Amino acid sequence: MTSDKKIAVWTGIFFILATAMGVASGILLGPLLGGPDYLLSMSENSSTAMLSTFLNLIMAGAVIAIAIAIYPIINRTNETLAAGYLAARTSEGILLAISGVAWLGLASMGAEFIQAGQPESSHFQTLADLLVSSSTATFTFGANITFGVTALMLNYFFIKTNLVPRIISIWGFVGGALILILGSMKILGLPISSIEVAFTVPIALNEMVLAIWLIVKGFSSPAVK
Numbered sequence: 002m003t004s005d006k007k008i009a010v011w012t013g014i015f016f017i018l019a020t021a022m023g024v025a026s027g028i029l030l031g032p033l034l035g036g037p038d039y040l041l042s043m044s045e046n047s048s049t050a051m052l053s054t055f056l057n058l059i060m061a062g063a064v065i066a067i068a069i070a071i072y073p074i075i076n077r078t079n080e081t082l083a084a085g086y087l088a089a090r091t092s093e094g095i096l097l098a099i100s101g102v103a104w105l106g107l108a109s110m111g112a113e114f115i116q117a118g119q120p121e122s123s124h125f126q127t128l129a130d131l132l133v134s135s136s137t138a139t140f141t142f143g144a145n146i147t148f149g150v151t152a153l154m155l156n157y158f159f160i161k162t163n164l165v166p167r168i169i170s171i172w173g174f175v176g177g178a179l180i181l182i183l184g185s186m187k188i189l190g191l192p193i194s195s196i197e198v199a200f201t202v203p204i205a206l207n208e209m210v211l212a213i214w215l216i217v218k219g220f221s222s223p224a225v226k
């Protein structure tokens, strides 16, 4: 296996790992934060919250690993883009990690809330709401806005170099634009319920197709020489 093929395989693996860990983390965390009594839920299910956070941290690490793995390939033709992509992916990973660690804070706060006798009117709920709001905003900046920027950067590179089939790179570029728009709408407080799935699915599917292509086929040889 050539060095370029190894890079392609590891890049694909990290894409799959990041997606799998993100989905698993969301499945575990969603029910805990979905109701009005999420402080109690987080405290009573602290082990689940910890596991979700752990998976989220793996996702954050995998996101950064994607950029590290593919850096040599991008750097051959565009040093500025390579550095920018690495910086953006690192920022994305850090934002995702910060949002995940905040969930552990909710679990700890929930335990204190229970010990205090679950007062109906207290600073616990106010602080918890603030923490959830901050964590959600941080996650949105990481998982939507910064992620959208990195998708645009990577697929722009693929379009220019033909490292992967053009249909995959154009699909990824459009998907990146959609997720970036979605994240911007979230931050601005605009309604997104009717478009969230439609704006999220394209890039999610694209990354899995890209990952499989990289693992099975690798990069187009003429483009990386």
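Per my numbering, the sequence shown starts with residue 2, numbered consecutively.
Backbone N, C-alpha and C fix where the C-beta goes; we use that ideal spot for every residue, glycine too.
Here the structure is a predicted model, which is why all the values come from computation and not from measurement.
Worksheet item: Is lysine 187 buried or exposed, if buried means 16 or more other CB atoms sit within 10 Å of its CB?
Response: buried
Worksheet item: For glycine 184, does the three-state DSSP call read helix, strand or coil?
Response: helix
Item to complete: Mind the definition here: the region 34 to 51 touches the region 84 to 96 only if three or more C-beta pairs lie below 8 Å; say whether that holds.
Response: Under the 8 Å Cβ criterion, the region 34 to 51 does not count as touching the region 84 to 96, having fewer than three qualifying pairs.
Worksheet item: Given serine 53, which residues of its chain have a CB within under 7 Å of its CB, disregarding the five upstream and five downstream residues?
Response: Ser26, Leu29, Leu30 and Trp104
Worksheet item: Can you tell me whether isoleucine 75 is buried or exposed, with buried defined as 16 or more other CB within 10 angstroms of its CB?
Response: buried
Worksheet item: What does a CB cutoff of less than 6 Å around serine 92 pick up in its chain, not counting 5 residues either side in sequence?
Response: Thr147
Worksheet entry | Sequence ranges, alpha helix (DSSP H) only - wholly within the region 112 to 164, length at least 4 | 124 to 141 and 148 to 162
Practice prompt. Could you spell out where the alpha helix (DSSP H) holding aspartate 5 opens and where it closes?
Written response: Counting along the chain, the unbroken alpha helix (DSSP H) around aspartate 5 starts and ends at 4 to 34.
Worksheet entry | isoleucine 213 versus glycine 13 - alpha carbon distance | 6 Å
Practice prompt. Within its chain, find whatever has a CB closer than 8 Å to the CB of glutamate 113; leave out the 5 residues flanking it on each side and keep chain order.
Written response: Phe125
Worksheet item: Can you list, in chain order, the residues of its chain whose CB lies under 7 Å from that of isoleucine 193, leaving out five sequence neighbours each side?
Response: Leu183, Met186 and Lys187
Worksheet entry | Same chain, Cβ closer than 6 Å to serine 170, five either side skipped, listed in chain order | Excluding sequence positions up to five before and after serine 170, its CB lies within less than 6 Å of the CB of Asn156, Phe159 and Ile160, all in the same chain and listed in chain order.
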